[in-house]
Amino acid sequence: MSIVVTAATGHLGNLVIDELLQRVPADQVVAVARNAEKAAPIAERGVEVRIADYNDPAALAKAFGAGDTVLLISGLEPNRLDQHKSIIEIAKDAGVARIAYTSALGGPEADFDLAADHRATEQAILDSGLPYTFLRNGWYNEVYTDQIAVQLEHGVVGSAGDGRIGSAARRDYAAAAAVVLAGDGHEKKAYELNGDVAWTLTEYAAELTRQSGKNVAYNNVPAEAHLQILIGAGVPEGFAPILVDVDAAIARGLLAGRGSHLTRLIGRPTTPIADSIAAALTE
0 MSIVVTAATG HLGNLVIDEL LQRVPADQVV AVARNAEKAA PIAERGVEVR IADYNDPAAL
60 AKAFGAGDTV LLISGLEPNR LDQHKSIIEI AKDAGVARIA YTSALGGPEA DFDLAADHRA
120 TEQAILDSGL PYTFLRNGWY NEVYTDQIAV QLEHGVVGSA GDGRIGSAAR RDYAAAAAVV
180 LAGDGHEKKA YELNGDVAWT LTEYAAELTR QSGKNVAYNN VPAEAHLQIL IGAGVPEGFA
240 PILVDVDAAI ARGLLAGRGS HLTRLIGRPT TPIADSIAAA LTE
């Protein structure tokens, strides 16, 4: 019986593996990855690596075993809902003991486009009858701090108005996942995970100005203008509207936060956006 982490070489998956290894022996952890070479650093830590792609049911069937606890990290491809449903059925057939899923803050109440696949995946897990834990992750600090080089040159652009963002660092969410995977008492639970302090993009720009010494402003634009800016910056035309819709959700307060589950799970405060800005500026 192992703790199986899918998409283990992705940004979140890698951090979940790292957090798990601080809590359980390596021989209790299995990493599912598409690429053996990319997964080599994980294997060097004593973790078993099983090669499987979300689009390869036969390989995935070999990745899960009876009694395993599985973390299904949500996919990124346009067909991810079909992938998720396939993985859930494969996990059920394998007899896994529990499936944890990285969902979206608000769950069934997350009324924005990016959350639609998450809502449907949660329902598919409920329909499967598998014991579950829903990790409803809010926005990551890194969604913004990964763009600092562009922000320092062009400012912060969005259409979220004064909406507040209850974000946390990606490692905070990874730590919560590791606690849930390695611990007991989390079956049939849905955790709303977000940062302790919510902030606006105006406040973000002011903090980036303070730390960088450069004048960075938040330019709030209408949704249509935001869409054209994103497309002009090279964001795929199919994905740009989703990002604009997320800003609309922020403006409606849907990503401001829903409690303190994240802090309670990880046993410490979440990472402030200021700390993530500082880390990004030193990279």
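For the sequence shown, counting from 1, position 155 maps to 154 in numbering that gives the first Met the number 0; every step adds exactly one. By construction, the Cβ of each residue, glycine as well, lies at the ideal position given by its N, Cα and C atoms.
Ends of the alpha helix (DSSP H) at residue i?
{"i": "Y143", "result": "141–144"}
{"i": "V178", "result": "169–181"}
{"i": "R118", "result": "115–127"}
{"i": "G231", "result": "222–231"}
{"i": "V15", "result": "10–20"}
{"i": "K84", "result": "79–93"}
{"i": "S275", "result": "272–281"}
{"i": "P289", "result": "Because the chain here runs from 0 to 282, residue 289 falls outside it and cannot be looked at."}
{"i": "P240", "result": "239–250"}
Residue i to residue j, Cα distance in whole Å?
{"i": "D198", "j": "A181", "result": "The displayed chain sequence assigns Trp, not Asp, to residue 198. Approximately 32 Å, taken between the alpha carbons."}
{"i": "A30", "j": "A174", "result": "16 Å"}
{"i": "L70", "j": "T8", "result": "13 Å"}
{"i": "L104", "j": "G212", "result": "34 Å"}
{"i": "I98", "j": "E152", "result": "43 Å"}
{"i": "W138", "j": "A62", "result": "29 Å"}
{"i": "I41", "j": "D67", "result": "19 Å"}
{"i": "Y217", "j": "D244", "result": "18 Å"}
{"i": "R209", "j": "E191", "result": "31 Å"}
{"i": "R44", "j": "L20", "result": "9 Å"}
{"i": "R79", "j": "I86", "result": "10 Å"}
{"i": "A57", "j": "E88", "result": "12 Å"}
{"i": "L254", "j": "I276", "result": "19 Å"}
{"i": "H83", "j": "A6", "result": "12 Å"}
{"i": "S1", "j": "D26", "result": "8 Å"}
{"i": "A279", "j": "V215", "result": "15 Å"}
{"i": "K188", "j": "A32", "result": "27 Å"}
{"i": "E202", "j": "R170", "result": "22 Å"}
Which residue comes first and which comes last in the beta strand (DSSP E) that contains residue i?
{"i": "N34", "result": "From DSSP, N34 is part of no beta strand (DSSP E); its letter is neither H nor E."}
{"i": "K188", "result": "188–192"}
{"i": "N136", "result": "131–136"}
{"i": "Y219", "result": "Strictly speaking, residue 219 in this sequence is Asn, with Tyr absent from that position. Its beta strand (DSSP E) spans residues 217–219."}
{"i": "T101", "result": "97–103"}
{"i": "V4", "result": "2–4"}
{"i": "L70", "result": "68–71"}
{"i": "V156", "result": "155–157"}
{"i": "I164", "result": "From DSSP, I164 is part of no beta strand (DSSP E); its letter is neither H nor E."}
{"i": "E47", "result": "47–50"}
Out of the options, state which residue places its alpha-carbon closest to the alpha-carbon of residue i.
{"i": "Q146", "options": "P107, A204, L192", "result": "A204"}
{"i": "R22", "options": "A176, H10, G233", "result": "A176"}
{"i": "A222", "options": "A248, R209, G233, E202", "result": "A248"}
{"i": "A65", "options": "E43, D110, V3", "result": "V3"}
{"i": "H10", "options": "G258, Y172, E236, G184", "result": "Y172"}
{"i": "A109", "options": "V149, R257, N214", "result": "R257"}
{"i": "T144", "options": "M0, A273, L14", "result": "A273"}
{"i": "I265", "options": "G128, A167, S127", "result": "A167"}
{"i": "S259", "options": "E236, V196, A96, E47", "result": "V196"}
{"i": "I94", "options": "A60, D112, L261", "result": "The question names Ile, but residue 94 is Gly in the sequence shown. Out of A60, D112, L261, A60 has the C-alpha closest to the C-alpha of G94."}
{"i": "S102", "options": "I72, E282, L200", "result": "I72"}
{"i": "A54", "options": "D81, A38, V46", "result": "Note on identity: in this sequence residue 54 is Asn, with Ala being the wrong assignment. Here the closest residue by C-alpha is D81."}
Would you mind sorting residue i into buried or exposed? The rule is 16 or more other CB atoms within 10 Å of its CB.
{"i": "V142", "result": "exposed"}
{"i": "E18", "result": "buried"}
{"i": "N34", "result": "exposed"}
{"i": "L75", "result": "exposed"}
{"i": "D92", "result": "exposed"}
{"i": "D246", "result": "buried"}
{"i": "N140", "result": "buried"}
Is residue i close to chain C, meaning its C-beta is less than 8 Å from at least one C-beta of that chain?
{"i": "V178", "result": "The chain labelled as chain C is not found in the depicted structure, where only one protein chain is given."}
The region 143–162 in contact with the region 224–235 per 3-pair CB rule at 8 Å:
In the pairwise beta carbon analysis, the region 143–162 is classified as touching the region 224–235: at least three pairs are separated by under 8 Å.
For the region 160–169 against the region 117–127, are there 3 or more C-beta pairs whose distance is under 8 Å?
Output reads no: the region 117–127 does not touch the region 160–169.
contact_flag[the region 236–255, the region 124–133] where n(CB pairs < 8 Å) is 3 or more
Output reads no: the region 124–133 does not touch the region 236–255.
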